[in-house]
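Protein chains in written order, with our numbering: chain A, 1315 to 1758; chain B, 9 to 506.
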């Protein structure tokens, strides 16, 4: 019956087999525990920050390379760091620092790992604790030096190129400045913008004057016939003054009418309107009033005649117009000549302006470029003098001889030898049982 | 008396000298174990760093890791040998190893060990029985032509020796087409193998879930695939593409979808042909494997299993097929008119949309390679260097054949596939028993899954595909084999229990 109990029985029936394997395993394990420790493991730790330091303190132009190029600070960097370790570059550095140790031994016995605490662990194996700790610490220092050298290699190359380019940049700036001065001298300008503005204002004024002149000319041409017509329609002499005196008939009539009116009014107080006295007074009053109306109040005694001032003014105006017309052509010619001179000067201003702008832009760019290079050079020199060491380790992360781990551990050997020996023994027993069963099932 | 009764005689008595040597050998084994443990104690950490890298998840700097592994492997071997003893022979163990290896590319040498196991069984039984009832499949002709087609690549590669290792291990996959028909000579064999495969597939779904949990716990994606394929960007965030025990999520989806749909087909057999327990087992297998297909985030896997799942009831239940078909058409029209279909397509397309888009580009390169060298192609694996600056693999099995092996490859591989399909259809139409008909239809569904997915990924050299072909060949040959197996001696492999 092939159930679990039969398998257990099969193992039990082969207990000698299991015991022999276990004996061999445990016995050898005890022997090895007497030989331990055969090696010591010392661990030094290095912290690699997630971000690398930057060197530039300000943004740079497109012509200037950016800050130092470092490996990406993430898990890939850690793999990259392990790759650097495996490349042997650090081992070679250690070999140079420790000439008494075989480089092959260093390569074989020092490895890098990343611990669960995210530190880079430098594992050094050696026959003694002191040697293991020394190897680990030497490797740790050498690794940090190597990383620093890697980090600095690009900035150093950049610095060299900056040192070479800095004088050239300033020289370029000087060249452009000189070019601008020469250009302005050749164009006969001191300050192009100001002079251009002035010329433009002047041109505008000339244009206004030309327009005013034209307007005046048109006005004169229109006004002269009118003045002429007005002048011809006016008399040469006109009465300029008359002397008048008082009319005596009128005066006496006036006195008489006043008397009659007063007498009439008094009589009407005593008499009726039909009384002959009243009628007589009324008729007389009306006759006096009629006489008054027939007489003028003043009578002309004498008059004065002189030249018509209006005609004189018309004449004067015509003369002015003639004078103005006489000077029109010459004035216009002068204004137009002035305008054309200004125009020709102004036409060349855009070209000058473009050239000057270009030269100014070149000067600005060259100055920025030179200033940036100077600033970066100073910056890089500052940082490289201090060193770009971005990895960290201190006395707490260094390997100590007394903390070196003895390998293999006696208790580990005993436990695993016993367990593994037992398992392998049982396996041998069940395999033996299987082979037996396979042989039993074979037909004969 | 023993000779008269013809009972087996085992050599169990050893003389003292032999016993001594035997004892010393056992002690030596013990010594070796302790020697291993001691060196493991010294070198374990270094070896872990070399093999696993500087900072592996969950397994980092474990002391005596090798010894722990030795104990675990030893226990596993004890378990496997115990199973072999319990079952009476190593047949089931070897079959189980094959079933697991078809579902687990990541376990090294498991497939090769199973092939060695089969070979041992054949040779051992054959020698003892003085005959090896080995049925050679006629498809061996196609096998030879395939090797020839592959070998043309040696003439086209500037470093032909680099192709040898590929050819060697891919050839072992082709062995399944010859080996399985010789071993799986009855329906019982086929059912046993399929049960083992289903259990192994469910195990890989468990591994998928474990991968998801570990990824969630650690914050980084933990699968067996490379970082280029282990995650997908969705509108809901980045989701890991789980691979189970395979190296690529598309391969995982393919094996799960194929076995899942076969399980579904078998579970829907008519009443009376299947007991309730087995029906539940098969249907649960389908559910679990379909879930496993979904969580691989493989769109080609989703498509193929969805299409196959829709088709299975249509073919299985003939009476309701028209109504079922009408319902499907109605649902499809509803999805189309409401815009749900288009919206769903857009969401799925946008999942790693760039991945979908770049495939058309690499397919263009593959077509160009085919038209440049139409007769024999540019050689397997040489498409990486054919105007292919990004070294992209062609994600289409058909184009992989065309570009790599040209018209000759198309004829050979296409001919093989077509012949297999035609022969399976012949089994459906002329079954020796309803069981073989069911098997043939199940295999046709399985091949349909791969046929659909082959438009989007490469499956030509996946051993699972050749395992399916081997099983198909077994079904075909069992169906056509008129011999009736009566006694245990008729079975060289996995004889019935006495």
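Beta carbons: idealized from backbone N, C-alpha and C, even for Gly. Predicted model only: the values in this text are computed from it and were never measured.
At a Cβ cut of 7 Å, what residues of the stretch 1336–1352 of chain A count as close to chain B, listed as they run along the chain? 1336, 1337, 1338, 1339, 1342, 1343, 1346 and 1352
Flag residue 96 of chain B as yes if its beta-carbon sits less than 8 Å from any beta-carbon of chain A, otherwise no. Mapped onto the second chain, residue 96 of chain B falls at position 88. Yes, its Cβ sits closer than 8 Å to a Cβ of chain A.
Going by CA-CA distance only, name the one from B:31, B:84, B:325 and B:156 that's closest to residue 1737 of chain A. As a first step, residue 1737 of chain A must be located in the first chain, where it is residue number 423. Among B:31, B:84, B:325 and B:156, the Cα nearest to that of residue 1737 of chain A belongs to B:84.
Can the beta-carbon of residue 130 of chain B be found closer than 8 Å to that of residue 500 of chain B? By 1-based counting over the second chain, the position of residue 130 of chain B is 122. By 1-based counting over the second chain, the position of residue 500 of chain B is 492. Taking 8 Å as the Cβ cut-off, residue 130 of chain B and residue 500 of chain B qualify as a contacting pair.
So what's residue 248 of chain B in DSSP terms, helix, strand or just coil? As a working mapping, residue 248 of chain B is identified with position 240 in the second chain. Strand at residue 248 of chain B.
Are the beta-carbon atoms belonging to residue 1358 of chain A and residue 1720 of chain A less than 8 Å from one another? Stepping through the first chain from its first residue, residue 1358 of chain A is reached at position 44. Stepping through the first chain from its first residue, residue 1720 of chain A is reached at position 406. Not a contact, by the Cβ cut-off of 8 Å.
With 16 other CB atoms within 10 Å as the buried threshold, where does residue 474 of chain B fall? Sequence index remark: in the second chain, residue 474 of chain B carries index 466 (1-based). The residue in question, residue 474 of chain B, is buried, as its Cβ has 16 or more Cβ neighbours within 10 Å.
Which residues bound the beta strand (DSSP E) around residue 1589 of chain A? Against the first chain, residue 1589 of chain A aligns to sequence position 275. Per DSSP, residue 1589 of chain A belongs to no beta strand (DSSP E) and is neither H nor E.
Residue 270 of chain B burial status per 10 Å Cβ neighbour count (16 or more: buried): On the second chain, residue 270 of chain B is found 262 positions in, with the first residue counted as 1. By the 10 Å Cβ count, residue 270 of chain B comes out buried.
Which stretch, first to last residue, makes up the beta strand (DSSP E) that contains residue 1426 of chain A? Mapped onto the first chain, residue 1426 of chain A falls at position 112. Residue 1426 of chain A -> beta strand (DSSP E) spans 1424–1428.
Tell me, please, whether the CB atom of residue 1476 of chain A is closer than 8 Å to any CB atom in chain B? Locating residue 1476 of chain A in the first chain gives position 162, counting from the first residue. No - not a single Cβ of chain B is within 8 Å of the one on residue 1476 of chain A.
Using a Cβ cut-off of 8 Å (strictly closer), state whether residue 1696 of chain A contacts chain B. Position 382 of the first chain holds residue 1696 of chain A. Chain B, which has no Cβ nearer than 8 Å to the Cβ of residue 1696 of chain A, makes this no.
Verify the CB distance criterion: does residue 1328 of chain A have a CB-CB separation below 8 Å to chain B? For the purposes of this step, residue 1328 of chain A is identified with residue 14 of the first chain, where counting begins at 1. No, because no Cβ of chain B sits closer than 8 Å to the Cβ of residue 1328 of chain A.
Contained alpha helix (DSSP H) runs [length at least 4] in the stretch 246–282 of chain B, N- to C-terminal order: 257–275
Which residue from B:387, B:404 and B:147 puts its Cα closest to that of residue 477 of chain B? Here residue 477 of chain B refers to the residue found at position 469 of the second chain. Residue B:147 is the option with its Cα nearest to residue 477 of chain B.
Below 8 Å on C-beta distance, what does residue 130 of chain B contact in chain A? Along the second chain, one-based indexing puts residue 130 of chain B at 122. Within chain A, no residue comes near residue 130 of chain B; the closest Cβ sits about 14 Å away, beyond 8 Å.
Can you pull out the residues from the stretch 1707–1734 of chain A whose beta carbon lies closer than 7 Å to at least one beta carbon of chain B? 1721, 1722, 1723, 1726, 1727, 1730, 1731, 1733 and 1734
Could you tell me whether any Cβ in chain B is nearer than 8 Å to the Cβ of residue 1390 of chain A? Translated into the one-based positions of the first chain, residue 1390 of chain A becomes position 76. Reliability of the predicted coordinates at residue 1390 of chain A is poor, the pLDDT of 46 falling under 50, and the value obtained from them is presented with this limitation in mind. Not an interface residue.
Quick one: does residue 1460 of chain A have its CB under 8 Å from some CB of chain B? Counted from its first residue, the first chain places residue 1460 of chain A at position 146. With 8 Å as the cut-off, residue 1460 of chain A does not count as an interface residue toward chain B.
Verify whether the separation of the beta carbon atoms of residue 464 of chain B and residue 458 of chain B is less than 8 Å. What you label residue 464 of chain B is simply residue 456 of the second chain in a count that begins at 1. What you label residue 458 of chain B is simply residue 450 of the second chain in a count that begins at 1. No; because the gap between Cβ atoms is not below 8 Å, this pair is not in contact.
How many angstroms separate the CA atom of residue 345 of chain B from the CA atom of residue 309 of chain B? Counting from one through the second chain, the residue named residue 345 of chain B turns up at place 337. Counting from one through the second chain, the residue named residue 309 of chain B turns up at place 301. Answer to the nearest angstrom: the Cα atoms are 26 Å apart.
Is it buried or exposed for residue 461 of chain B, if we count other Cβ within 10 angstroms and need 16 for buried? Along the second chain, one-based indexing puts residue 461 of chain B at 453. With 16 or more Cβ atoms within 10 Å of its Cβ, residue 461 of chain B is classed as buried.
I think residue 42 of chain B touches residue 1731 of chain A, with their Cβ atoms under 8 Å apart; what is that distance to the nearest whole Å? Against the second chain, residue 42 of chain B aligns to sequence position 34. Against the first chain, residue 1731 of chain A aligns to sequence position 417. At roughly 4 Å, the Cβ-Cβ gap stays under 8 Å, so residue 42 of chain B and residue 1731 of chain A are in contact.
Strictly under 8 Å for the Cβ-Cβ distance: is residue 46 of chain B near chain A by that measure? One-based indexing of the second chain puts residue 46 of chain B at position 38. At least one chain A Cβ lies under 8 Å of residue 46 of chain B.
Between the stretch 191–207 of chain B and the stretch 84–94 of chain B, are three or more C-beta pairs nearer than 8 Å? no
Quick one: does residue 1436 of chain A have its CB under 8 Å from some CB of chain B? Start at 1 with the first residue of the first chain, and residue 1436 of chain A comes out as number 122. Not an interface residue.
Determine, using beta carbons only, whether residue 203 of chain B comes closer than 8 Å to chain A. Taking the first residue of the second chain as position 1, residue 203 of chain B is located at position 195. No, because no Cβ of chain A sits closer than 8 Å to the Cβ of residue 203 of chain B.
Residue 1482 of chain A, buried or exposed, once every other Cβ within 10 Å from all chains shown has been counted against 16: Taking the first chain and counting its residues from 1, the one referred to as residue 1482 of chain A is at position 168. Answer is exposed; the Cβ neighbour count stays below 16.
With a CB to CB cut of under 8 Å and the five nearest residues on each side skipped, what residues in its chain are close to residue 1479 of chain A? Taking the first residue of the first chain as 1, we reach residue 1479 of chain A at position 165. Excluding residues within five positions, the ones whose Cβ falls inside 8 Å are 1687.
Residues bridged to residue 1618 of chain A [DSSP beta-bridge criterion]: For the purposes of this step, residue 1618 of chain A is taken as the residue at position 304 of the first chain. A:1555.
Sufficient close CB pairs (3 or more, under 8 Å) joining the stretch 139–158 of chain B to the stretch 292–300 of chain B: no
Member of A:1603, A:1528 and A:1422 whose CA lies at the smallest distance from the CA of residue 1440 of chain A: Against the first chain, residue 1440 of chain A aligns to sequence position 126. It is A:1422 whose Cα lies nearest to the Cα of residue 1440 of chain A.
Mind reading off the beta-carbon distance from residue 486 of chain B to residue 193 of chain B? Whole number of angstroms is fine, and I expect it under 8 Å. The residue given as residue 486 of chain B occupies position 478 in the second chain. The residue given as residue 193 of chain B occupies position 185 in the second chain. The pair is a contact, with the Cβ atoms about 6 Å apart (cut-off 8 Å).
Report the three-state DSSP secondary structure of residue 147 of chain B (helix, strand or coil). Locating residue 147 of chain B in the second chain gives position 139, counting from the first residue. In this structure, residue 147 of chain B counts as coil in the three-state DSSP scheme.
How is the beta strand (DSSP E) around residue 1638 of chain A delimited, first residue to last? By one-based count along the first chain, residue 1638 of chain A stands at place 324. That residue, residue 1638 of chain A, is in no beta strand (DSSP E); its alpha helix (DSSP H) goes 1623–1661.
So, with DSSP's three-state summary, where would you put residue 419 of chain B? If you number the second chain from 1, residue 419 of chain B lands on position 411. Helix at residue 419 of chain B.
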